[in-house]
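Chains as they are written, first to last, in my numbering: chain X, 1 to 115; chain Y, 116 to 229.
This report concerns only the one structure given below.
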Amino acid sequence: DVKVTQSSRYLVKRTGEKVFLECVQDMDHENMFWYRQDPGLGLRLIYFSYDVKMKEKGDIPEGYSVSREKKERFSLILESASTNQTSMYLCASSPLLEGGNQPQHFGDGTRLSIL
Amino acid sequence: AQSVTQPDIHITVSEGASLELRCNYSYGATPYLFWYVQSPGQGLQLLLKYFSGDTLVQGIKGFEAEFKRSQSSFNLRKPSVHWSDAAEYFCAVGAPGGYQKVTFGIGTKLQVIP
Numbered sequence: 001d002v003k004v005t006q007s008s009r010y011l012v013k014r015t016g017e018k019v020f021l022e023c024v025q026d027m028d029h030e031n032m033f034w035y036r037q038d039p040g041l042g043l044r045l046i047y048f049s050y051d052v053k054m055k056e057k058g059d060i061p062e063g064y065s066v067s068r069e070k071k072e073r074f075s076l077i078l079e080s081a082s083t084n085q086t087s088m089y090l091c092a093s094s095p096l097l098e099g100g101n102q103p104q105h106f107g108d109g110t111r112l113s114i115l
Numbered sequence: 116a117q118s119v120t121q122p123d124i125h126i127t128v129s130e131g132a133s134l135e136l137r138c139n140y141s142y143g144a145t146p147y148l149f150w151y152v153q154s155p156g157q158g159l160q161l162l163l164k165y166f167s168g169d170t171l172v173q174g175i176k177g178f179e180a181e182f183k184r185s186q187s188s189f190n191l192r193k194p195s196v197h198w199s200d201a202a203e204y205f206c207a208v209g210a211p212g213g214y215q216k217v218t219f220g221i222g223t224k225l226q227v228i229p
């Protein structure tokens, strides 16, 4: 079965720390995504990647960076965590097929609290 | 730019009653459309998708959705709701082809009462 695994379900960090959120998929998907989910705002795309070492900014990239050194792994980095980055973070992946925009498969999310 | 509107933030229905969740999209041509469901503490799961062809789409868990181009809508329906359907539902729109960005609505939280 398809599996997207996020390394932590809950994470508590302090303001100013560098934070790493890890995501691994076992489906050999080309595309990977990071979203944050906030009440009343739905899912907002932070970054996505369509190939190893490739990345594209989403709608809210400020304060974040990403790394994709291997096809199956996509990391989200909070360079200097701030309290307004407290949120639920969701990772997703999808295959690159003709016609584009195939359904995304999601991990269970990481609830990050910045104190 | 593409966008999605889910006008109902919360909906409460009785178990066994029918359900319709509304979704309106904005896109210049015929988009790809999706409905996802999120149970508490979990990620999103795909319920169904519309790419082309028959405008009535069947999904998992007894859900269906109808694409209406004239109304720019893609409403989700279920004839008889079960208590286990209580969750948050997200409509999403994406451009056919191109890169893979998909825009999600803000979600509709469904409560099911006995």
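Built from N, CA and C at the ideal position, the CB exists for glycine as well.
All values reported here derive from a predicted model rather than from experimental measurement.
Looking only at C-alpha atoms, which of the options sits nearest to residue i?
i, options, result
"glutamate 62(X)", "Gly40(X), Gln85(X), Arg73(X), Phe74(X)", "Gln85(X)"
"leucine 112(X)", "Val4(X), Thr15(X), Leu41(X)", "Thr15(X)"
"tyrosine 50(X)", "Leu96(X), Ile114(X), Glu79(X), Asp108(X)", "Leu96(X)"
"serine 67(X)", "Glu22(X), Ser7(X), Ser93(X), Thr5(X)", "Glu22(X)"
"histidine 125(Y)", "Thr223(Y), Pro229(Y), Val227(Y)", "Thr223(Y)"
"phenylalanine 178(Y)", "Glu130(Y), Asp169(Y), Arg184(Y), Asn190(Y)", "Asn190(Y)"
"aspartate 108(X)", "Ile114(X), Leu115(X), Ser93(X), Gln102(X)", "Ser93(X)"
"phenylalanine 74(X)", "Val12(X), Lys13(X), Lys18(X), Phe33(X)", "Phe33(X)"
"tyrosine 89(X)", "Phe106(X), Glu56(X), Glu17(X)", "Phe106(X)"
"serine 141(Y)", "Pro229(Y), Val227(Y), Leu225(Y), Thr218(Y)", "Thr218(Y)"
"glutamate 130(Y)", "Ser154(Y), Tyr204(Y), Pro211(Y), Lys193(Y)", "Lys193(Y)"
Of all Cβ atoms in chain X, is any one closer than 9 Å to the Cβ of residue i?
i, result
"phenylalanine 182(Y)", "no"
"tyrosine 151(Y)", "yes"
"phenylalanine 189(Y)", "no"
"valine 217(Y)", "yes"
"leucine 159(Y)", "yes"
"isoleucine 221(Y)", "yes"
"isoleucine 124(Y)", "yes"
"glycine 156(Y)", "yes"
"phenylalanine 178(Y)", "no"
How far does the beta strand (DSSP E) with residue i in it extend, from its first residue to its last?
i, result
"methionine 32(X)", "31-38"
"histidine 197(Y)", "Unbroken run through histidine 197(Y): none, as it is neither H nor E."
"tyrosine 47(X)", "42-49"
"serine 141(Y)", "139-141"
"lysine 70(X)", "64-70"
"threonine 110(X)", "110-114"
"alanine 203(Y)", "Before going on, a small fix: residue 203(Y) reads as glutamate here, not alanine. Taken as a continuous stretch (DSSP letters only), the beta strand (DSSP E) holding glutamate 203(Y) covers 202-209."
"valine 2(X)", "Per DSSP, valine 2(X) belongs to no beta strand (DSSP E) and is neither H nor E."
"alanine 81(X)", "Premise fails: alanine 81(X) is in no beta strand (DSSP E) and is neither H nor E."
"leucine 90(X)", "87-94"
"phenylalanine 219(Y)", "217-219"
Verify the CB distance criterion: does residue i have a CB-CB separation below 9 Å to chain Y?
i, result
"leucine 21(X)", "no"
"threonine 108(X)", "First, the residue type needs correcting, since residue 108(X) is aspartate and not threonine in the sequence shown. Closer than 9 Å: yes."
"tyrosine 35(X)", "yes"
"phenylalanine 48(X)", "yes"
"glutamine 25(X)", "no"
"leucine 76(X)", "no"
"proline 61(X)", "no"
"leucine 11(X)", "no"
"glycine 16(X)", "no"
"leucine 112(X)", "no"
Per DSSP, what kind of secondary structure is residue i in: helix, strand or coil?
i, result
"lysine 55(X)", "coil"
"serine 185(Y)", "helix"
"threonine 15(X)", "coil"
"glutamine 104(X)", "coil"
"isoleucine 228(Y)", "strand"
"isoleucine 77(X)", "strand"
So within the stretch 123-173 of chain Y, which uninterrupted beta strand (DSSP E) runs reach at least 3 residues, ignoring any that extend past its ends?
125-129, 134-136, 139-141, 147-153, 159-165, 171-173
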